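Residue numbers for the sequence shown follow the working numbering, beginning at -11 and rising by one.
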Amino acid sequence: GPPQPRCSNVEAVGDVAAAVPDDYTENTPSSSGYANGHMATASSQEDHPGESTGKENHKATTANINQKMVKISDKLIGVFMVDKPTPTDWRKLLAFSREWDNIRPHFFKRCQERADAETNPEMKHGLLRLARKLKEVDEDVQRHNELFELVKSTPSGKIGDVVAKRRKDFTVEFFNHLYYVAESYKDDPAKQKELATLGNDCVDALQAHDDMSGSLQALNVAELKLKDILNSPSVDAACRKIDDLAEKKELDSALVLMLSKAWSAAKGTDITKSDAKDIMFHLYMTAVANLQRQMPKDIRILKHLIMIEDPAERLSALNDAFTPGPELQGENVDTLFT
């Protein structure tokens, strides 16, 4: 990935500040006349007789932390509004961050403080818009992180169960987030490889889930088609429905499989009327014939050639297959020459 720019106070800001340029001015005055770096800092402490030194030290520490977070937040406001102004930039920076969870509450509080003190309507709107839009991105990133931690703690063989329960959460944005997290470990190849493997496991589980869902959907559609065929007033009407499906390219292997099972079920019962079995067999063969006609001609030729056992006869048929001539197709024609 691209190298991360460094700044002099990474230890204070965390790696979110890796994108902050060294020459960024913390004390840039806002239109309100206040220096951004010192607005809304902790109030000065007064000496009170009787208070313990420990309590004073605690207050001083809290004030120092608050003041540091104000400076960090001001710096990040500049980054998010000027240097990295797009939601895509924000997603990447938050994914890279190891400190954002600590910075988050201070940052949004600082945005509101600066907006409240701002006299320039355009700047005020910009600060409020930044807070609103970044909060939306942050909520997305938190959801991605939650799912990321879940799949990371799940054995690879069980990730499919997670996908089945939360398919809608495995979005392009989630996989982008996973990529950004892996990219943030550019100095740790082993960690990057681990995350790449995790991403591949998620993709494999997702593909398997979608394939299975597609198969189930195809079976459901085939079942509805079969019911419609069986509800026909006559055998001829049922066959016409099968022919119509074939013309519309809606006759598939799933429906033929169901017809085959229906015929087998009728054949395996103690039904005394042979016409019930004959009807199912007739419908099945009608569907098979239509399905074969949908098969590409070259595939039909190859399947015919494979069925020929005698080598000499197969070679002769192969030569015939490549001999130019009229295309033959009909009920009594077993092969198709081109």
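For each residue, glycine too, the CB sits at the ideal point set by N, CA and C.
Just so we're clear, the structure is a prediction, and the values are computed from it rather than from any experiment.
Query                                                                                                                        : Result
Pairwise C-alpha distance: residue 170 and residue 183                                                                       : 6 Å
Pair within 7 Å by beta-carbon distance, residue 112 and residue 103                                                         : yes
Rounded straight-line distance, which links the Cα of residue 222 to that of residue 273                                     : 16 Å
Proximity below 7 Å, CB of residue 302 to CB of residue 290                                                                  : no
Buried or exposed (CB count within 10 angstroms, at least 16 for buried), residue 145                                        : exposed
Length of the line joining the Cα atoms of residue 96 and residue 186                                                        : 33 Å
Between the CA atoms of residue 117 and residue 179 - distance to the nearest angstrom                                       : 36 Å
Neighbour-count burial assignment, residue 295, 16 or more Cβ in a 10 Å radius                                               : exposed
Whole-number beta carbon distance between residue 277 and residue 246, since they are thought to touch under 8 Å             : That pair is no contact at about 16 Å.
Close Cβ partners of residue 234 (< 6 Å) along its chain, the five nearest in sequence each way excluded                     : 278
Outcome for residue 149 when other beta-carbon atoms lying within 10 angstroms are tallied against a minimum of 16           : exposed
C-beta contact flag for residue 194 and residue 151 at 7 Å                                                                   : yes
Through-space distance from residue 98 to residue 345, alpha-carbon basis                                                    : Since the first and last residues shown for the chain are -11 and 326, residue 345 lies out of range.
Residues of its chain near residue 306, where Cβ-Cβ distance is below 7 Å and the 5 sequence neighbours each way are ignored : 293
Check: residue 205 C-beta below 6 Å from any heavy atom of the ligand GTP                                                    : Here there are no bound small molecules, and the ligand GTP is not part of this structure.
Inter-residue spacing [alpha-carbon to alpha-carbon] between residue 300 and residue 197                                     : 47 Å
Separation of residue 71 from residue 156, as counted between CA atoms                                                       : 33 Å
Exposure of residue 80, with buried meaning 16 or more beta-carbon neighbours within 10 Å                                    : buried
Buried or exposed by the 16-neighbour rule on C-beta atoms within 10 Å, applied to residue 374                               : Not covered by the structure: residue 374. The range shown for the chain is -11 to 326.
Three-state secondary structure assigned by DSSP to residue 31                                                               : Reliability fails at residue 31, whose pLDDT of 36 lies under 50, so the model's placement of it is uncertain and the value that follows must be treated cautiously. Three-state DSSP puts residue 31 in coil, outside helix and strand.
Segment limits, alpha helix (DSSP H) that includes residue 76                                                                : 75 to 84
Test item: CB-CB of residue 213 and residue 243 under 7 Å                                                                    : yes
Member of 54, 126, 52, 207 whose CA lies at the smallest distance from the CA of residue 77                                  : 126
Unbroken stretches of the alpha helix (DSSP H), 4 residues or longer, contained in the stretch 71 to 148                     : 75 to 84, 88 to 105, 109 to 140
Status (buried if at least 16 other CB within 10 Å, exposed otherwise) for residue 135                                       : buried
Own chain, CB closer than 8 Å to residue 227, minus 5 neighbours either side, in chain order                                 : 270, 271, 274
Closest residue to residue 89 among 57, 114, 108 (Cα-Cα distance)                                                            : 57
Cβ neighbours of residue 83 in the same chain (closer than 7 Å, five flanking residues each side left out)                   : 129, 165, 168, 169, 172
Contact set for residue 230: own chain, Cβ-Cβ below 8 Å, skip 5 residues either direction                                    : 217, 239, 271, 274, 275, 278
DSSP three-state assignment for residue 172, whether helix, strand or coil                                                   : coil
Residue environment, residue 200, which counts as buried when at least 16 other CB atoms sit within 10 Å                     : exposed
Residue closest to residue 249, alpha-carbon to alpha-carbon, out of 237, 268, 74                                            : 268
Range covered by the alpha helix (DSSP H) that runs through residue 299                                                      : 299 to 309
Boundaries (first-last residue) of the alpha helix (DSSP H) holding residue 192                                              : 177 to 218
C-alpha distance - residue 297 paired with residue 241, whole-angstrom precision                                             : 27 Å
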